[in-house]
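Here this note's numbering is used: the first residue of the sequence shown is 11, the next is one more, and so on.
A short worksheet on the structure shown next.
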Amino acid sequence: MFFLVSLICTASSLLTFRKVDFSIGISSMPMLTLTLQDENLNDVIVQKNLLIQANPTQSFYTYPTTKFIGTLSISLGTSVTSTFHLTISCDGCEIYTTSIIINSYYESDFLEYEPSATTISANEEVSIYFIDTYGTLFEGLYMVTQENFDYSITKKTDSSGTAIVKFSSRGTKYLLFYFDDGTYTDIGTIKITVEVTSYSTITFTTNIVKFI
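Spelled out as structure tokens, the structure:
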């Protein structure tokens, strides 16, 4: 019995981020370095795609891309100057929140979104038009929480199109738009609030009519 419990615990162990450093680099750009390890403290030897959510939300790019094996070192080009931190994760990984930094580096915003709504009900579809003005190829939609959600993409070009998204649970959702050309990864976040579906109370009145 103990052996079975041990196997279950091992199988469900999340990969952990270690040696995480989020700071301002020599070029005055924010930099993120980390190592991804398993439960035995061995570096992970399979490729992962790092999911990054900036807080507060903003568009940014990473150089090189967010795909890595074991260790990662990237610079971030942000669209605003602010005090911010990152929430990161990946498939099979823990969710990790970095320290806060003061960023003075910025570039013009290069991602545009046009959502049909920002507040919806559970299982209600929302359409979001998106475009990467740098022309970077659209890769996919993610959530750093790794929550399941339904979506479909209709592309207009390789870097633009419309996403139809639906969430089954309520709460605040931060949807990550990823664009990647093998050298850079462009990341944008849109906030969607999913509310409980409200029902109106309808009262039926019965009139009794007597026939003589």
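Heads up, the beta-carbon is just placed ideally off N, CA and C, and yes, glycines get one too.
Terminal residues of the beta strand (DSSP E) in which residue i lies
i: Ile202; result: Thr195 to Glu205
i: Ala173; result: Ser170 to Lys176
i: Phe187; result: Gly181 to Asp190
i: Pro40; result: Pro40 to Gln47
i: Gly150; result: Phe148 to Tyr152
i: Val136; result: Val136 to Asp142
i: Ala64; result: Leu61 to Asn65
Supposed contact pair residue j and residue i - C-beta distance, whole angstroms, cut 8 Å
i: Asp53; j: Leu46; result: 7 Å
i: Ser33; j: Ile111; result: 6 Å
i: Glu134; j: Lys176; result: 7 Å
Chain-order list of residues whose beta-carbon lies under 6 Å from that of residue i (same chain, five-residue window excluded)
i: Ile79; result: Gln57
i: Asp196; result: Tyr71, Asp142, Thr146 and Phe189
i: Leu86; result: Pro40, Phe70 and Thr72
i: Asp160; result: Lys176
Other residues of its chain near residue i: CB distance less than 8 Å, five sequence neighbours each side excluded
i: Ile18; result: With a pLDDT of 38 at Ile18, under the threshold of 50, the modelled position of that residue is not reliable, and no figure is offered here.
i: Thr93; result: Ile110, Ile111, Ile112 and Asn113
i: Thr193; result: Tyr73, Pro74 and Thr75
Cβ neighbours of residue i in the same chain (closer than 7 Å, five flanking residues each side left out)
i: Gln68; result: Thr88, Ser89 and Val90
i: Gly150; result: Tyr188
i: Tyr152; result: Leu61, Leu186 and Tyr188
Residue i Cβ short of 6 Å to the ligand NAP heavy atom set
i: Thr164; result: Ligands displayed in this structure: none; no statement on the ligand NAP is therefore possible.
Decide if the stretch 129-140 is in contact with the stretch 89-98; the criterion is three or more beta carbon pairs, one per stretch, under 8 Å apart.
The stretch 129-140 is not in contact with the stretch 89-98.
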